[in-house]
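Asks: Right, I'll just put the structure down here and ask away after.
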Amino acid sequence: MGVENWTLWHVGLSVKSVDEAVKYFESLGGKAADRPAFVLDSANFEHLRTYDRTDAPPWKIKIKMLDLGPLSFELTEPVEGDNYNKTFMDEHGEGANHIAYLVDELEKEVEELEAKGVPVMYHAKGQYAYMDARKVGGVVIELKQSGPPGPPPLKN
1 MGVENWTLWH VGLSVKSVDE AVKYFESLGG KAADRPAFVL DSANFEHLRT
51 YDRTDAPPWK IKIKMLDLGP LSFELTEPVE GDNYNKTFMD EHGEGANHIA
101 YLVDELEKEV EELEAKGVPV MYHAKGQYAY MDARKVGGVV IELKQSGPPG
151 PPPLKN
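Structure, rendered in structure tokens:
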């Protein structure tokens, strides 16, 4: 376990409009993922923890992946409800809001970071976690369980 086993996945960008951001970055030579944008709905996760709450109000964000040179970006547009993307946009406007890594053992990595005083912002068990490392440098770290690309699996 530990950061030496993490693989850089993407940088998250909060944007007002995913569609407009895709047009802009494609005009710079970026390449959007072939898969269409999708709306991630927190209500679809079976085990979602927001900080220490399991009953947080639902939210939705529109997501589209895009490559610009060797770096991938996750473009996120707040759609509905309160969530980190909306808060980030309200406080800072558009911009980089997180750095994401793929990990082999998500639950162990989350436990390790929590033990070091880094609280969970969002945690969909077995899928992904946003860790609140903003204490220094203002960075949020997303950890995603390694697996096939695409939106996280939904509850049945």
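All the letters of the sequence shown, read from the start, carry residue numbers 1 to 156 under our numbering. The C-beta atom is built at its ideal place from N, Cα and C for all residues, glycine as well.
Comparing C-alpha positions only, which one of Phe38, Ser72 and Arg49 sits nearest to Ala129?
Replies: One-based indexing of the sequence shown puts residue 129 at position 129. Ranking the options by Cα distance to Ala129, first place goes to Arg49.
Asks: So what's Thr161 in DSSP terms, helix, strand or just coil?
Replies: In the structure as shown, the chain starts at 1 and stops at 156, and residue 161 therefore has no counterpart that could be examined.
Asks: Measuring only the C-alpha atoms, how far is Ala56 from Lys108?
Replies: Position 56 of the sequence shown, counted from the start, is the residue given in the question as residue 56. Position 108 of the sequence shown, counted from the start, is the residue given in the question as residue 108. Using only the alpha carbons, I get a separation of about 24 Å.
Asks: Residues in the same chain with beta-carbon distance under 7 Å from Glu80, minus the five sequence neighbours each way, listed in chain order, please.
Replies: As a working note, residue 80 is residue 80 in the sequence shown. Here the set comprises Trp59 and Lys60.
Asks: Using three-state DSSP, classify Ala133 as helix, strand or coil.
Replies: Sequence index remark: in the sequence shown, residue 133 carries index 133 (1-based). Reduced to three states, the DSSP call for Ala133 is strand.
Asks: Have a look at Tyr101 and Asp19 and give me their C-alpha separation to the nearest angstrom.
Replies: By one-based count along the sequence shown, residue 101 stands at place 101. By one-based count along the sequence shown, residue 19 stands at place 19. About 24 Å.
Asks: Within 10 angstroms of the Cβ of Pro70, are there 16 or more other Cβ atoms? Answer buried if so, exposed if not.
Replies: Working through the sequence shown from its first residue, we reach residue 70 at position 70. The residue is exposed, with fewer than 16 neighbouring Cβ atoms inside 10 Å.
Asks: Which ranges would you report for the beta strand (DSSP E) in the segment 5-81 if only whole runs of at least 3 residues count?
Replies: 7-14, 38-41, 48-50, 60-68 and 71-80, all fully within the segment 5-81.
Asks: Thinking just about the alpha-carbon of each residue, which of Arg134, Thr76 and Gln127 is nearest to the one in Gln145?
Replies: Here residue 145 refers to the residue found at position 145 of the sequence shown. Nearest C-alpha to Gln145: Gln127.
Asks: Buried or exposed for Leu40, please, with buried defined as at least 16 other CB atoms from any protein chain shown within 10 angstroms of its CB.
Replies: On the sequence shown, residue 40 is found 40 positions in, with the first residue counted as 1. The residue is buried, with at least 16 neighbouring Cβ atoms inside 10 Å.
Asks: What is the residue span of the alpha helix (DSSP H) that Lys144 lies within?
Replies: The residue you call residue 144 lines up with position 144 of the sequence shown. From DSSP, Lys144 is part of no alpha helix (DSSP H) but of the beta strand (DSSP E) over Val139 to Gln145.
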